[in-house]
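Chains as they are written, first to last, in this note's numbering: chain P, 1 to 420; chain V, 1001 to 1161.
The beta-carbon is built from N, C-alpha and C at its ideal position, and this holds for glycine as well.
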């Protein structure tokens, strides 16, 4: 029986020639990641277990991105735990304020993940790196501690769903609309425990940023991971960000088994919005009546990359944020921030009346930098619209891509990019 | 091992943001986390929950963020076992890794109502609804996962490898 991309990577990392869906394996890891929220819990477990040196100081990454620059005393104290551990363990890839970015924007940019890697991260959106043809999945803090200790972890080999992409996205439609469309179609548990494997001739038209966004939200369909076929665009990205680093391209076997197959014509995807309080409550922009908003957030590990900011700036250029709306633009990394400044995007946002922040996860998870009051509504390019996600339990988050978010900031209600 | 307690019943897709809202993740102390467990969908939960009580929920329990603070908060609040139709996979791993008992059983979830008194036998997987006098059969863990639990969690288990 043939294997999927994910199954092949897992087999290789477990030292096996073949694995089957449902099989429990112990696999070697290329990278173990944690952030300022999850690392302190992992460190506590690590110390409790009496573990000494981490398995490889170059293969553990800690990024302080959620509540940084520190939002309060308690958050600051959590960061002290991570900082101290990183220093003691001489962790090479430790990113603090001044070098950090939102972890899932930062790691690919720094060339820390390449095709064929097996990566775990104590953050659910670790599945982002599947865009690079790596197996990458979110785990908890105890898993992170075990991964740091042994450089291994256990996995149940996932069954797979295949998404065969054809066609090309229309103007103002992006990776976010593709993944919202998919989650709307299969539901928030539609890919539970499974890998979502993206392939087909349509890949060619998707930028790496689109692919990162799509893989990023695999978890929002319950997926274990999302993974893309490696093509020339992937390799170009690797040449730029991880020159000289060895990688391995895995292709699914012809006779690989998939539990489901979806054919998606990218040219039919419309700008999409996920209504509160689940990412599966998806409507296309033409189905939406007037919905007034109080805030717009453009950023996060889902949509904080340069092409997202370019799209938003293209729409906001020469316009003003509507009265009564707060627009918050958060670049994913310092490189994205600097690029946005060089290209004049930062100026466009600021002149439009938006704020342009330092990188942070901030409002996405209701941390800081844009918390909603009772009854307030936000359009956000983030990834979750659960109850209380961005603030008060009676506030509402509408998930969208950067084009709809920027258009909504200008018009003051949820709007199509053409209508603002 | 036997669990016995009153049921707090919730619906499908209970996410980790409602189990423990991110605004409280600036701490990692179990007791401080437990104090806010479930508050965005059930503000009386923490007031009413007693040691040994049980959470019953629908499908995809624990979806969303990977925060281990979620099963930690539930466990520290006194919950002895969570029974759901399915779990989001990171929550499933986290619960095993920190020693929060979880079970999957469609029948029990459909049969049990909020406030019912329920007994769970972990060795046999038998779930008994004392209030309604019904019996359901839950699924036990595969042997590999039982080994992790027997070792006292993931780290002690990994140390033996």
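Residues sharing a beta bridge with residue i, DSSP
i: residue 93 of chain P; result: P:61
i: residue 195 of chain P; result: P:160 and P:225
i: residue 1103 of chain V; result: V:1083
i: residue 135 of chain P; result: P:118
i: residue 1151 of chain V; result: BP columns for residue 1151 of chain V are empty, so no partner.
i: residue 274 of chain P; result: P:282 and P:399
i: residue 1008 of chain V; result: V:1055
i: residue 264 of chain P; result: P:165
i: residue 1130 of chain V; result: Bridge partners of residue 1130 of chain V: none, in fact.
i: residue 2 of chain P; result: P:256
i: residue 1015 of chain V; result: V:1063
i: residue 1118 of chain V; result: V:1005 and V:1129
i: residue 251 of chain P; result: Note: residue 251 of chain P sits in no beta bridge, so no partner.
i: residue 1135 of chain V; result: V:1128
i: residue 413 of chain P; result: P:292
Status (buried if at least 16 other CB within 10 Å, exposed otherwise) for residue i
i: residue 243 of chain P; result: exposed
i: residue 293 of chain P; result: buried
i: residue 402 of chain P; result: buried
i: residue 170 of chain P; result: exposed
i: residue 1071 of chain V; result: buried
i: residue 1075 of chain V; result: buried
i: residue 1139 of chain V; result: exposed
i: residue 212 of chain P; result: buried
i: residue 183 of chain P; result: buried
i: residue 4 of chain P; result: buried
i: residue 1120 of chain V; result: buried
i: residue 240 of chain P; result: exposed
i: residue 1142 of chain V; result: exposed
i: residue 304 of chain P; result: buried
i: residue 59 of chain P; result: buried
i: residue 337 of chain P; result: buried
i: residue 17 of chain P; result: exposed
i: residue 1082 of chain V; result: buried
i: residue 1144 of chain V; result: exposed
Beta-carbon separation (whole angstroms), residue i vs residue j, contact threshold 8 Å
i: residue 180 of chain P; j: residue 282 of chain P; result: 5 Å
i: residue 208 of chain P; j: residue 55 of chain P; result: Their Cβ separation, rounded to whole angstroms, is 30 Å, which puts residue 208 of chain P and residue 55 of chain P out of contact at 8 Å.
i: residue 197 of chain P; j: residue 163 of chain P; result: 7 Å
i: residue 1060 of chain V; j: residue 188 of chain P; result: 6 Å
i: residue 389 of chain P; j: residue 1042 of chain V; result: Actually they do not touch by this definition, with Cβ atoms about 17 Å apart.
i: residue 136 of chain P; j: residue 119 of chain P; result: 4 Å
i: residue 1154 of chain V; j: residue 126 of chain P; result: Rounded, the Cβ-Cβ distance is 18 Å, inconsistent with contact.
i: residue 1025 of chain V; j: residue 1069 of chain V; result: 6 Å
i: residue 1109 of chain V; j: residue 1058 of chain V; result: 6 Å
i: residue 1077 of chain V; j: residue 1034 of chain V; result: 4 Å
i: residue 296 of chain P; j: residue 416 of chain P; result: The pair is not a contact, with the Cβ atoms about 15 Å apart (cut-off 8 Å).
i: residue 159 of chain P; j: residue 268 of chain P; result: No, residue 159 of chain P and residue 268 of chain P are not in contact; Cβ-Cβ is about 27 Å, not under 8 Å.
i: residue 449 of chain P; j: residue 234 of chain P; result: Here chain P has residues from 1 to 420 only, and residue 449 of chain P is not among them.
i: residue 369 of chain P; j: residue 381 of chain P; result: The Cβ separation is near 14 Å, so there is no contact.
i: residue 1028 of chain V; j: residue 80 of chain P; result: Actually they do not touch by this definition, with Cβ atoms about 12 Å apart.
i: residue 333 of chain P; j: residue 216 of chain P; result: Going by Cβ atoms, the distance from residue 333 of chain P to residue 216 of chain P rounds to 14 Å, so no, they are not a contact pair.
Residue i: CB within 6 Å of a non-hydrogen atom of the ligand HEM
i: residue 304 of chain P; result: You won't find the ligand HEM in this model; it holds no ligand whatsoever.
Proximal residues, the stretch 1014-1038 of chain V versus chain P, C-beta separation under 7 Å: Residues are counted here when their Cβ sits less than 7 Å from a Cβ of chain P; for the stretch 1014-1038 of chain V these are 1015, 1017, 1018, 1021, 1022, 1023, 1025, 1026, 1027 and 1028, given in chain order.
Near-chain V residues of the stretch 132-145 of chain P - C-beta to any C-beta below 7 Å: For the stretch 132-145 of chain P, the set of residues with a beta-carbon nearer than 7 Å to any beta-carbon of chain V comprises 138, 139, 140, 141, 142, 143 and 145, in chain order.
Completely contained beta strand (DSSP E) runs for the stretch 8-79 of chain P, where each covers 3 or more residues: At a cut-off of 3 residues, the continuous stretches assigned as beta strand (DSSP E) that sit fully inside the stretch 8-79 of chain P are 24-28, 31-35 and 60-63.
Those runs of the beta strand (DSSP E) which lie wholly inside the stretch 149-177 of chain P and span at least 3 residues: Every beta strand (DSSP E) stretch that sits fully inside the stretch 149-177 of chain P and reaches 3 residues is listed by chain position as 152-156 and 160-166.
Residues within the stretch 1116-1137 of chain V neighbouring chain P, beta-carbon criterion of under 7 Å: Cβ contacts with chain P come from no residue of the stretch 1116-1137 of chain V.
Positions along the stretch 19-33 of chain P whose CB lies within less than 7 Å of some CB in chain V: Within the stretch 19-33 of chain P, the residues whose Cβ lies closer than 7 Å to some Cβ of chain V are 24, listed in chain order.
Where the stretch 1082-1113 of chain V meets chain P: residues whose CB sits under 7 Å from a CB there: So the close ones are 1086, 1088, 1089, 1090, 1093, 1094, 1097 and 1098.
Every unbroken beta strand (DSSP E) within the stretch 1028-1100 of chain V, with a cutoff of 3 residues, ordered by chain: List check, beta strand (DSSP E) in window: 1054-1057 and 1081-1084.
Members of the stretch 251-269 of chain P that neighbour chain V once the beta carbon cut-off is set at 8 Å: Residues of the stretch 251-269 of chain P with a C-beta less than 8 Å from any C-beta of chain V: none at all.
Near-chain P residues of the stretch 1038-1052 of chain V (beta-carbon distance less than 7 Å), N- to C-terminal order: Residues passing the 7 Å Cβ filter: 1040 and 1041.
Near-chain V residues of the stretch 163-184 of chain P - C-beta to any C-beta below 8 Å: Taking 8 Å as the Cβ-Cβ cut-off against chain V, none of the residues of the stretch 163-184 of chain P qualify.
Contact list for the stretch 291-310 of chain P against chain V, Cβ threshold 8 Å: Cβ contacts with chain V: none found.
3-residue-minimum beta strand (DSSP E) runs that sit fully inside the stretch 351-394 of chain P, ordered along the chain: You should have 377-380.
Contact list for the stretch 188-199 of chain P against chain V, Cβ threshold 9 Å: Residues 188, 189, 192 and 193.
Every unbroken alpha helix (DSSP H) within the stretch 293-332 of chain P, with a cutoff of 4 residues, ordered by chain: Here the runs fully enclosed are 300-303 and 306-316.
Contacting positions in the stretch 98-123 of chain P - beta carbon closer than 7 Å to chain V: Against chain V - using a Cβ distance shorter than 7 Å - the residues of the stretch 98-123 of chain P are 122 and 123.
Against chain V: residues of the stretch 210-223 of chain P by CB proximity under 7 Å: Those residues of the stretch 210-223 of chain P that come within reach of chain V (Cβ to Cβ, closer than 7 Å) are 222.
Positions along the stretch 342-372 of chain P whose CB lies within less than 7 Å of some CB in chain V: Cβ contacts with chain V: 365, 366 and 367.
Interfacial residues, the stretch 44-61 of chain P to chain V, with Cβ spacing under 9 Å: Taking a C-beta cut-off of 9 Å against chain V, the contacting residues of the stretch 44-61 of chain P are 44, 45, 46, 48, 49, 50 and 51, listed in chain order.
Residues in the stretch 314-336 of chain P having any Cβ partner in chain V nearer than 7 Å: Considering only beta carbons, no part of the stretch 314-336 of chain P lies closer than 7 Å to chain V.
Chain-ordered residues of the stretch 1147-1158 of chain V with a beta carbon less than 9 Å from chain P: Closer than 9 Å at the C-beta level to chain P, one finds these residues of the stretch 1147-1158 of chain V: 1148, 1153, 1154, 1155, 1156, 1157 and 1158.
Near-chain V residues of the stretch 371-393 of chain P - C-beta to any C-beta below 7 Å: Residues of the stretch 371-393 of chain P with a C-beta atom less than 7 Å from some C-beta of chain V are 384, 386, 387, 388, 389 and 393, listed in chain order.
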